[in-house]
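A quick write-up on the structure given underneath.
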C-alpha cells in the first residue's frame, strides 16, 4: 500500500489558521442581577472578544429591573466594549434589583463621582426594546451568522419568535431565527431530575413553552445538573482581577446575600458559564441524542428522543469536570486593566 506524501506543517501554522477563524457573532440574553453567574458569563464573552473568538453583537436583558441593563452597560464599558448595545424588557419577570446590580450602579468614588461610568449610549437610563434590538441584529447579520445565548428567562426569545414583520425586516421573528441563527445555547431545564422545575424555566414557563414549540433552530440546553456540580472558585477572581472590577464587587455582594451577610466568600455554581463555554469549546462536553424538549405549566422538563429532533442537552463526560472548571475560571476571571 502506498501513502500519499503531504507537506509538513508545524503546529504553529494550524494555530495561526485557528486565530484567523471568524469570531462567533453573539446575542447574549440574560437575567442579570438575579444571580452573579450572569456577570461571570458576560466576562467570558468579553475575554473571548478580546481574543478574537467572539463578537458581542448585543446584550439583551430579560429581567424587569431597570438596574439590570445599567449593570450590563457598566460591565461592557469597563471591559472596553461600551459600544455594545443593551436592550431591555420593560415588563420582564423579577423587577426587583437583586443583590448587586443596583449597588454597583450606584457606587461612588470619594469625590462623589460615579465609580463605574456608563457608556455614552446608556446615559439617561434609556435602553432600546430587547426584541426590537434582537430583530435589528439578526436582520443585519449574515445567514447562519449568529449564536443566541440565553442564560435567563426565555421571555425575550419567545417574543422574538412571535414577533411580526416590521420596519426592520419583512420576516417574522421565527423566519429571522431560521435564517440567521446558527443555534441557541440555553441555560435552562433539568434533564437529570425532570420532576424538579429549573428556575429560569419556572419563572416564565409560558415563554419557555412558546420558545420550545416555535424555535426553528437547533437548541443546546445546559441543564441545572451541569453547572450545579461546577463550583466557580472565587479565588480566581482574587488572584486575577482588581478589587474594583465590577464583577469582583458584584460577586462579593452576592456572596454576602447567600451567607446572610456574614461573609463575602462563596464558590457559586457555574450554570450560565457552561452555556457560553459550549459555544467556543463544544468538544469539552458530551451531548445527548437529538430530541424534542417541552415544558409543563410548572416548568418541569420533558425530553423526548427523536432522530429528527431540534434539541439536545449537555453532559459532563466522566473525568472532564476539572478541566471544564479550569477553563471556566480562566475565562471568567478576566481583568482588562492588567
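Numbering (the working numbering), first residue to last: 94 to 431. Idealized CB from N, CA, C, for every residue including glycine.
Practice item. Starting from the C-beta of residue 371, find all residues in its chain whose C-beta is less than 8 Å away, skip the five residues before and the five after it, and write them out in chain order. Key: 278, 313, 315, 377, 378 and 407
Review point. In this structure, does DSSP put residue 371 in helix, strand or coil?
Key: helix
Point to revise | Those residues which DSSP pairs with residue 404 across a bridge | key: 312 and 384
Exercise for review: Within the same chain, show all residues whose beta-carbon is closer than 7 Å to that of residue 345, passing over the 5 residues directly before and after it, in chain order.
Suggested key: Here residue 345 has 357 as same chain residues with Cβ atoms under 7 Å from its own Cβ, once five neighbours each way along the sequence are excluded.
Check your understanding: To the nearest angstrom, how far is it from the Cα of residue 275 to the Cα of residue 238?
Key -> 6 Å
Check your understanding: Using 8 Å as the Cβ pair cut-off and three pairs as the minimum, do the region 163-175 and the region 207-216 touch?
Key -> yes
Practice item. Any chance you could list the beta strand (DSSP E) runs of at least 3 consecutive residues sitting entirely within the region 229-284, in chain order? Key: Taken in chain order, the unbroken stretches of beta strand (DSSP E) that lie wholly in the region 229-284 and span 3 residues or more are 239-243 and 274-280.
Exercise for review: Work out the CA separation of residue 366 and residue 297 for me, nearest whole Å.
Suggested key: 21 Å
Point to revise | Local Cβ density within 10 Å of residue 423, reported as buried at 16 or more and exposed below that | key: exposed
Check your understanding: Excluding sequence positions up to five away, which residues of its chain have a Cβ less than 8 Å from the Cβ of residue 157?
Key -> 182, 183, 184, 185, 186, 187 and 188
Practice item. Classify residue 397 as helix, strand or coil using the three-state DSSP reduction. Key: strand
Practice item. Return the first residue and the last residue of the beta strand (DSSP E) that residue 376 is part of. Key: Neither: residue 376 is in no beta strand (DSSP E) and is coded neither H nor E.
Exercise for review: Look up residue 181 in the DSSP assignment and say whether it is helix, strand or coil.
Suggested key: strand
Check your understanding: Could you check where the beta strand (DSSP E) with residue 147 kicks off and where it finishes?
Key -> 147-156
Exercise for review: Look at the alpha carbon of residue 318 and the alpha carbon of residue 206, and state the distance between them as a whole number of angstroms.
Suggested key: A direct Cα-to-Cα measurement between residue 318 and residue 206 gives close to 43 Å.
Check your understanding: Can you check whether the CB of residue 293 is closer than 9 Å to the CB of residue 325?
Key -> no
Check your understanding: If you compare alpha carbons, which of 141, 280 and 251 is closest to residue 119?
Key -> 141
Review point. What do you reckon, are the CB atoms on residue 162 and residue 152 nearer than 9 Å?
Key: yes
Practice item. Closer than 8 Å by C-beta to residue 426: which residues in its own chain qualify, once you throw out the five before and the five after it? Chain order, please. Key: 136, 329, 330, 332, 333 and 334
Check your understanding: Could you give the residue range of the beta strand (DSSP E) that holds residue 122?
Key -> Annotation for residue 122: the continuous beta strand (DSSP E) segment containing it runs 117-123.
Exercise for review: Spatial neighbours of residue 300 within its chain, please: CB distance less than 8 Å, with the 5 preceding and 5 following residues excluded, ordered by chain position.
Suggested key: 246, 247, 248, 250, 251 and 252
Check your understanding: For residue 282, is the classification buried or exposed, using 16 other Cβ atoms within 10 angstroms of its Cβ as the cut-off for buried?
Key -> buried
Exercise for review: Within its chain, find whatever has a CB closer than 7 Å to the CB of residue 229; leave out the 5 residues flanking it on each side and keep chain order.
Suggested key: Cβ within range, chain order: 261.
Exercise for review: Decide if residue 112 is buried, meaning its Cβ has at least 16 other Cβ atoms within 10 Å, or exposed.
Suggested key: Residue confidence is low: residue 112 scores 48 on pLDDT, short of 50, so the model does not pin down where it sits. Its coordinate-derived value is still stated next. Residue 112 is exposed by the Cβ-count criterion.
Point to revise | Residues sharing a beta bridge with residue 362, DSSP | key: 324
Review point. For residue 389, which three-state DSSP category applies?
Key: coil
Practice item. Measure the alpha-carbon distance for residue 307 versus residue 355 and round it to whole angstroms. Key: 45 Å
Practice item. Figure out for me which residue from 180, 419 and 369 has the closest Cα to the Cα of residue 242. Key: 369
Review point. For residue 130, which of helix, strand or coil comes out of DSSP?
Key: helix
Review point. Pick from 257, 114, 305 and 164: whose alpha carbon is nearest that of residue 343?
Key: 164
**Study point:** Burial state of residue 115, where buried means 16 or more other Cβ atoms lie within 10 Å
**Key:** exposed
Check your understanding: From what residue to what residue does the alpha helix (DSSP H) around residue 295 run?
Key -> 292-295
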